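So the structure is just underneath, and the comments pick up after that.
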Amino acid sequence: MASGVTGLLLRSGCFPLLAVEFLRAYLSRRGYRGTAINNKEPRVNDRIRVPKVRLVGPGGEQVGVVKTEDALRVAVEANLDLVEVAPNSNPPVAKLMDYGKYKYESAQKERAARRNRSNAQLKSIRIGMKIDQNDYNTKKSQAERFLNGGDKVKFDLRFRGREQSRPQLGVELLNGLAEDLAEVSTVESAPRAEGRNMSMVLAPIRKKTEAKSDQRRRREAERETRRQQGAERAKRQQENARANAEARSQQ
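Going by full-length UniProt numbering, 161 is the number at position 161 of the sequence shown; the sequence numbering is gapless.
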C-alpha cells in the first residue's frame, strides 16, 4: 500500500489553484467536514488548512511530509478521507482512512463498553472465620456462578470476639478463596480490613462464550459497514461525476 500511496503522490505534480479548490469542494460534499477547533473530533478533509502534513497511509505506513493538496488528491483517488490525527505535531500528522467506518466502529465499541458496565453487578457473599468445609464449598460455588454470569463478587468476612486480634487468618482465608476461583476471576481489590470486617472483591474473567458473542457482533458490524460503504461509494461516484462536469464547465 505504501508504494501505491507514494505512486499517487509522484503522479500528482503541481496543483493549480482551481484543482485544489475543486478537491476541497468534492471532499466537503462527502459529509465528513471535521469539527470546530474546540471540539474533540479531528479535522477532516477540507477543514485541514495547513500547507503541509506528515502523511500516514491507510495501513499505518509512513509516506512522509507532503503538500496538503497532494494528500487531498490521494484521498480522492483512493476513495478515502484525510484525517488530522496529531494536530500539534510540526507539521501535523494526517492519516488516510475511511472516516465513516472509523466513527461507526468507534461508536459500536463505546456502546458495547457501556452495555458491559451497566450489566455488571456486585454480588456480596458473607462468610465467617469458623466456616466448615461444606459451607466453604457452597460459598465458593455461589461465587463461581456469579462470576461466570459476568458479575463481580465481594466477600465480606466478619470477625467475632478475639478473632479480631488475628486479622492475618482472615487474609489467609480470603486469599485461599481467590486461589480456588483463579480460573474464573482476578483479584480486583485485595483483602482489606474495615473495622470488624474484612472484604475482598473478585472480577470475572472473560469466557470463551463471551468472546464468541463479541466475534459474532463484530461480523454483523462489518457486514453493516460494508453495506454502508457500498452506498457511500455509489454516492461518491455520482458526486465525482458532477464535480468533474462543474470543473470542465469552468475551464
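A virtual CB, placed ideally from N, CA and C, is assigned to each residue, including glycine. Here the structure is a predicted model, which is why all the values come from computation and not from measurement.
For this session: Between the Cα of LYS152 and those of SER165, LEU122, ARG160, spot the shortest distance and give me the residue it belongs to.
Result: LEU122
Problem set entry | Residue range of the beta strand (DSSP E) that includes ARG54 | 52–56
For this session: In the DSSP assignment, find the unbroken beta strand (DSSP E) run with ALA193 in it and report its ends.
Result: 185–194
Problem set entry | Other residues of its chain near LEU18: CB distance less than 6 angstroms, five sequence neighbours each side excluded | Note on LEU18: pLDDT 46, under 50, position unreliable in the model; the coordinate value appears next. Excluding positions up to five away in sequence, the list is empty.
Exercise. How would you call PRO51, buried or exposed, if buried means at least 16 neighbouring beta carbons within 10 angstroms?
Worked result: exposed
For this session: Taking only the alpha-carbon atoms, compute the straight-line gap between residue 252 and LYS109 and give it to the nearest angstrom.
Result: Here the chain comprises residues numbered 1 to 251, so residue 252 is not present and cannot be evaluated.
Problem set entry | As assigned by DSSP and simplified to three states, the class of GLY170 | helix
Exercise. Starting from ALA75 and walking both ways along the alpha helix (DSSP H), at which residues does that stretch end?
Worked result: 68–77
Exercise. Are LEU173 and VAL187 touching if we call contact CB-CB under 8 angstroms?
Worked result: no
Exercise. Looking at C-alpha atoms only, which residue of ALA86, ASN90, ALA94 is the closest neighbour of VAL74?
Worked result: ALA94
Problem set entry | Validate contact between the segment 138–149 and the segment 167–186 using beta carbons, cut 8 angstroms, 3 pairs | yes
Exercise. Per DSSP, PRO204 is paired with what?
Worked result: SER185
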